[in-house]
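Here's the structure, in structure tokens; my notes come after.
Protein chains: 2
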Amino acid sequence: MALPDAIDGEAMSAHGVAEAARPIRRRPLHDEVTERLRDMIVEGQLAPGTRVNEAALCGQLGVSRTPLREALKILAAEGLVDLLPRRGARVAGLSAAELGELFEVLSGLERTAAELAAARASEADLARLTALQARIEQHHAARNRHDYAHDNHALHEAIVALSGNAVLKEVHARLMTRVRRARYMALLSQERWDESVAEHAGILAALAARDARRAGELMHRHVARTGEVVRAALAG
Amino acid sequence: MALPDAIDGEAMSAHGVAEAARPIRRRPLHDEVTERLRDMIVEGQLAPGTRVNEAALCGQLGVSRTPLREALKILAAEGLVDLLPRRGARVAGLSAAELGELFEVLSGLERTAAELAAARASEADLARLTALQARIEQHHAARNRHDYAHDNHALHEAIVALSGNAVLKEVHARLMTRVRRARYMALLSQERWDESVAEHAGILAALAARDARRAGELMHRHVARTGEVVRAALAG
DNA sequence: ATTTTGAATTTTGCATGCAAAATTTTGTAT
DNA sequence: ATACAAAATTTTGCATGCAAAATTCAAAAT
Numbered sequence: 001m002a003l004p005d006a007i008d009g010e011a012m013s014a015h016g017v018a019e020a021a022r023p024i025r026r027r028p029l030h031d032e033v034t035e036r037l038r039d040m041i042v043e044g045q046l047a048p049g050t051r052v053n054e055a056a057l058c059g060q061l062g063v064s065r066t067p068l069r070e071a072l073k074i075l076a077a078e079g080l081v082d083l084l085p086r087r088g089a090r091v092a093g094l095s096a097a098e099l100g101e102l103f104e105v106l107s108g109l110e111r112t113a114a115e116l117a118a119a120r121a122s123e124a125d126l127a128r129l130t131a132l133q134a135r136i137e138q139h140h141a142a143r144n145r146h147d148y149a150h151d152n153h154a155l156h157e158a159i160v161a162l163s164g165n166a167v168l169k170e171v172h173a174r175l176m177t178r179v180r181r182a183r184y185m186a187l188l189s190q191e192r193w194d195e196s197v198a199e200h201a202g203i204l205a206a207l208a209a210r211d212a213r214r215a216g217e218l219m220h221r222h223v224a225r226t227g228e229v230v231r232a233a234l235a236g
Numbered sequence: 001m002a003l004p005d006a007i008d009g010e011a012m013s014a015h016g017v018a019e020a021a022r023p024i025r026r027r028p029l030h031d032e033v034t035e036r037l038r039d040m041i042v043e044g045q046l047a048p049g050t051r052v053n054e055a056a057l058c059g060q061l062g063v064s065r066t067p068l069r070e071a072l073k074i075l076a077a078e079g080l081v082d083l084l085p086r087r088g089a090r091v092a093g094l095s096a097a098e099l100g101e102l103f104e105v106l107s108g109l110e111r112t113a114a115e116l117a118a119a120r121a122s123e124a125d126l127a128r129l130t131a132l133q134a135r136i137e138q139h140h141a142a143r144n145r146h147d148y149a150h151d152n153h154a155l156h157e158a159i160v161a162l163s164g165n166a167v168l169k170e171v172h173a174r175l176m177t178r179v180r181r182a183r184y185m186a187l188l189s190q191e192r193w194d195e196s197v198a199e200h201a202g203i204l205a206a207l208a209a210r211d212a213r214r215a216g217e218l219m220h221r222h223v224a225r226t227g228e229v230v231r232a233a234l235a236g
């Protein structure tokens, strides 16, 4: 097999001076590989169930087996890959049942996030959420599913971030990575879409009122319903 | 996560014939190393902040660097180790602040677990929980902190298991691993200890009544308070 | 005495080699 | 043909080698 030679990496820029100021440290290869592989799995480029051949992937990515194997261990820890001892790795499947479980946990996490955010977010934070929700409503009115999906995701992430709890944020992000593999999520019925936008409004109102319990409860129900819809779509 | 590991397990029996029937496959080394290292960290044998020297640990464990490095990647994904690029690994610290965050998340997860368990546990399951609680009360009456701690942990795990949600169980277990590093948990005041036992009774009653909301709420409060106590102990 | 510079040493990151296990292929007997 | 057995091939798991980066240590300069 061809030897992946030299580190190379950055293209030579002509800015002699700026060159010196640029960050010196390169990212470890195994990190890069992990990220790349994770993207390939989430994007569906590596389909669930695919057997991962180390040599083949090494060739494709231009790295040796060592960093690739390290990456596979990490992705296995994240639940994106199954490691079969002595018989290689396969891309983890994503059943409707597991998706349902993921959403059950996510609804619990986001409830907690909403409760904490209600207590901890600043007025400025809340104003930003409201602005985001306004944009979401515009996308909804314009039937722009793509931008809607983007900002919708951003709103949920923002609320999780406003919990001020890094562990919560981390766990949430990891589970979301697994969920995001079901590309069915965008396929909401018009009815459910309308409902969803209205639920957001209710959650924001509760946050604005600093009503932690209500915000949490509404968020919980909102995410649980989303999960129901997604699970049904995957099952059908 | 969940590395499906070898079947092995049984100790060698002296029965020559049975010998041949023994599972042939050894557990992967990197698995063994991961587990061993995780134990060392949780037990406190590797103190928080300790710099991990690969060569030294390799010598101690009697393995080469390859499986050790794979194990370190996994433990980093679990949050037990920090990987500093190009300057090695260190055992992750555990601040009072982070412990607080962990308990915030755990209280949310166990609330969800209690809610689901209230709906899904069989009567036999509930009977088993009640039996466990009876033993816990005996340990409490006998001022036997060691056995109390053990069965207390078992009760919480049992309720999480009764949620019937494998993802929840997995996430909970991982966070508990991080929390368990604070050995201060056993050091409850008598007052808090009494309280805690009473709270358990309340939770079980709610489960028996199939009152999901109440079970969840009581569990949430119970774990949150435990967290408060532990955090305070670590801070002080 | 303290800082600085630069070599010597250690340590990390990655590629590669090799044996054992698993898989595939080929050949043989029913 | 089908089923089975054995050899050939592939693939995995682990150890090791080597270059680059980081750290340590020592001598020189302020």
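Residue numbers (full-length UniProt numbering), protein chains in the order written: chain A, 1 to 236; chain B, 1 to 236.
Where is the CB? At the ideal position from N, CA and C, for every residue including glycine.
- Residues of the region 148 to 175 of chain A that bring their beta carbon within less than 7 Å of a beta carbon in chain B comprise Asn-165, Ala-166, Val-167, Leu-168, Val-171, in sequence order.
- With a beta-carbon spacing of about 6 Å, Leu-175(A) and Leu-106(A) fall inside the 8 Å limit used to define contacts.
- Taking CB atoms only, Ala-182(A) has no neighbour in chain B less than 7 Å away.
- Nearest to Glu-101(B) by alpha-carbon distance, out of Ala-97(A), Glu-54(A), Ala-182(A), Asn-165(A), is Asn-165(A).
- When only Cα atoms are considered, Gln-45(B) and Ala-173(B) end up about 20 Å apart.
- For Glu-137(B), the closest of Glu-199(B), Arg-90(B), Phe-103(B), Ala-76(B) by C-alpha to C-alpha distance is Glu-199(B).
- Unbroken alpha helix (DSSP H) stretches of 4 residues or longer found wholly inside the region 136 to 215 of chain A: 145 to 162, 166 to 179, 190 to 208, given in chain order.
- The beta carbons of Ala-208(B) and Leu-126(B) sit closer together than 7 Å.
- Ranked by Cα distance from Ala-124(A), the first of Ala-158(A), Leu-37(A), Leu-72(A) is Ala-158(A).
- Restricting attention to beta strand (DSSP E) runs no shorter than 3 residues, the UniProt domain "HTH gntR-type" (27 to 94) of chain B encloses them at 81 to 83, 89 to 91, ordered along the chain.
- Apart from the 5 residues on each side of it in sequence, Glu-110(A) sits with its Cβ closer than 6 Å to the Cβ of Met-219, Val-223 in its chain, given in chain order.
- In the three-state DSSP reduction, Gly-236(B) falls in the coil class, being neither helix nor strand.
- With a 10 Å radius around the Cβ and a threshold of 16 neighbouring Cβ atoms, Ala-89(A) comes out buried.
- Under a 10 Å Cβ-count criterion, Glu-104(A) is classified as buried, with 16 or more other Cβ atoms of the shown protein chains found around its own Cβ.
- Under the three-state reduction of DSSP, Ala-127(B) is assigned to helix.
- Contacts with chain A at 7 Å (Cβ-Cβ) do not include Pro-67(B).
- Of all residues in the region 53 to 66 of chain A, only Thr-66 place a beta-carbon less than 9 Å from a beta-carbon of chain B.
- If you compare the alpha carbons of Gly-236(A), Gln-60(A), Ala-121(A), Asn-53(A) with that of Ala-182(A), the shortest gap goes to Gly-236(A).
- Excluding sequence positions up to five before and after Asp-82(B), its CB lies within less than 6 Å of the CB of Arg-90, Ala-92, all in the same chain and listed in chain order.
- Three or more Cβ pairs drawn from the region 68 to 78 of chain A and the region 62 to 79 of chain B lie within less than 8 Å of each other, which places the two stretches in contact.
- Among the CB atoms of chain B, one or more fall inside 7 Å of the CB of Ile-74(A).
- Residue contact check for Val-223(B) against chain A: no CB pair falls below 7 Å.
- Proximity of Glu-70(A) to chain B, defined by a Cβ-Cβ separation below 7 Å, is satisfied.
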